[in-house]
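Below is one structure, written out as structure tokens; comments come after it.
Encoded structure:
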């Protein structure tokens, strides 16, 4: 069974431009299930979800923020999964999903752990209650706001009681702590005294791991947040032909709108108005594809190059201090990759 699952602390969805950037990135990453943390939305609705997902084949469950603090949103493609049940807690959103094709039932729990150490026992207890609610394979993902080992925080050298309790939770629920491939940290604070830690992760039960073979958990580039998106891939991803997509980046090119208008006015077709409109759109799509490939340069290839450069800088930052030039380059890459 193939799967692309994403966990991402986005640090707020109130900015429409930010939501548009997320929508474009989700189209690139092609995920079936996504868990967002720190939405900072005190009221989540279908308008917001549709502005992120970019497709009508969507369902969702949310834990609304309290006065723009926190918030969790779990979203999935209804062509791939259907919801059987759900429960919303104080720190988590859990959805019982069933595969449309294979009928496999599993629990997807998105978490945003408390920063207050005094609330962590309540956090673990809430997750324990989810485990006993349904007898199914389980995937727990999100921002736990706690590390498991000293090496997961830059400069940390000793275990703490909170780390031991995290491991206790994993062990008593028989969860697998998936390794992070391609990076050491998932959260970065860019400042004069930078901080780095791995507080975002994905935990799965053994039966979940057995069903979704060849699982890889890896960080993606930080574009709009100080957290890396975490992508989980399972199985080979054989996909059909990618649909045509109009790129916002094209609108930044000088003279593009005039070129677009010229193409549109040059198309001459005979027939009913709906037939003529369909033919003109088809011709425009063909011209845009040719222009993108031969004049503008393949936008998808350019985006992948930008994101690869950004991820390389993220990984370097996890190993050493970035130079002033590196930091300036990172800001440029973030701006360009969010178009």
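In the UniProt record's numbering, the protein residues as written are 1 to 339.
All C-beta atoms, glycine included, are put in the ideal place defined by N, C-alpha and C.
As the structure is a prediction and not an experimental result, all values here were calculated from the model.
query: Can you check whether the CB of residue 44 is closer than 7 angstroms to the CB of residue 62?; result: yes
query: Alpha carbon to alpha carbon, how far is residue 239 from residue 233?; result: For residue 239, the predicted structure reports a pLDDT of 46, less than 50, and the residue's modelled location is therefore unreliable. The matter cannot be settled from this model.
query: Could you name the residues of the same chain whose beta carbon sits closer than 7 angstroms to that of residue 89, not counting the 5 residues immediately before and after it, in chain order?; result: 126
query: Taking only three categories from DSSP, how would you classify residue 252?; result: helix
query: Can residue 175 and residue 134 be called in contact, C-beta distance under 7 angstroms?; result: no
query: Considering only C-alpha positions, which residue in the set 183, 154, 122, 155 is nearest to residue 162?; result: 122
query: Where does residue 106 sit, in a helix, a strand or coil, going by DSSP?; result: strand
query: Taking contact to mean at least 3 C-beta pairs separated by less than 8 angstroms, is the segment 198 to 218 in contact with the segment 5 to 19?; result: yes
query: So what's residue 170 in DSSP terms, helix, strand or just coil?; result: helix
query: For residue 156, which residues in the same chain have their Cβ closer than 6 angstroms to its Cβ, ignoring the five residues on either side in sequence?; result: 150
query: In angstroms with no decimal places, state the Cα-to-Cα distance between residue 12 and residue 225.; result: 9 angstroms
query: In this structure, how does DSSP classify residue 152 when only helix, strand and coil are distinguished?; result: helix
query: With distances taken Cα to Cα, identify the nearest neighbour of residue 219 among 255, 166, 180.; result: 180
query: Residue 33: which of 231, 310, 279 sits nearest, CA to CA?; result: 231
query: Could you give the distance in angstroms between the alpha-carbon of residue 166 and the alpha-carbon of residue 285?; result: 52 angstroms
query: In the DSSP assignment, find the unbroken beta strand (DSSP E) run with residue 189 in it and report its ends.; result: 187 to 189
query: Spell out the partners DSSP gives residue 8 in its beta bridges.; result: 36
query: In three-state terms, what does DSSP make of residue 278?; result: helix
query: How big is the Cα-Cα spacing for residue 78 and residue 160?; result: 42 angstroms
query: In chain order, what residues of the same chain have a beta carbon less than 6 angstroms from the beta carbon of residue 18, not counting five sequence neighbours either side?; result: 224
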